[in-house]
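Residue numbers (the UniProt record's numbering): 1 to 94.
Glycine included, each C-beta is placed from N, C-alpha and C at the ideal position.
Please read the structure below before turning to the comments.
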């Protein structure tokens with residue numbers, strides 16, 4: 001049976017499918033946000049369909065935790081974007 005685990009050294013502790021580096025949020029983004037079929041996601045990652053459904057069940061069973069992870073990822077993306085646009089960074093390398 002597929003388990004969802006969190007390991008600090010893998011994906012920064014984000015919940016993921018055991019034995020894989022595929023996060024619950026990634027599965028949810030493809031199925032829920034993008035409307036992809038679970039069967040297609042399973043095939044793309046060579047997962048059992050049950051693993052995709054376990055990830056989705058975890059996502060729905062832990063809404064507060066999943067929202068926190070979404071916010072963390074959004075903040076990290078914002079910081080990375082701001083660093084890319086920092087004019088001082090370009091002056092230092094010129």
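Assigned exposure category for residue i - 16 Cβ within 10 Å defines buried
i, result
"residue 32", "exposed"
Cβ-based neighbour list, residue i, same chain, cut-off 7 Å, excluding 5 preceding and 5 following
i, result
"residue 150", "Nothing about residue 150 can be reported from this structure: the residues present for the chain run from 1 to 94 only."
"residue 82", "none"
Sequence-distant residues of the same chain with beta carbon closer than 6 Å to residue i, five excluded per side
i, result
"residue 23", "11, 14, 16"
"residue 69", "14, 25"
"residue 18", "3, 5"
"residue 66", "59"
"residue 45", "22"
"residue 73", "none"
"residue 20", "none"
Residues near residue i in its chain [Cβ-Cβ closer than 8 Å; skip 5 each side]
i, result
"residue 27", "17, 41, 52, 55, 56, 59"
"residue 62", "15"
(request) Enumerate, from N- to C-terminal direction, the unbroken alpha helix (DSSP H) stretches of 4 or more residues contained entirely within the stretch 10–80. (result) 24–28, 38–44, 49–61
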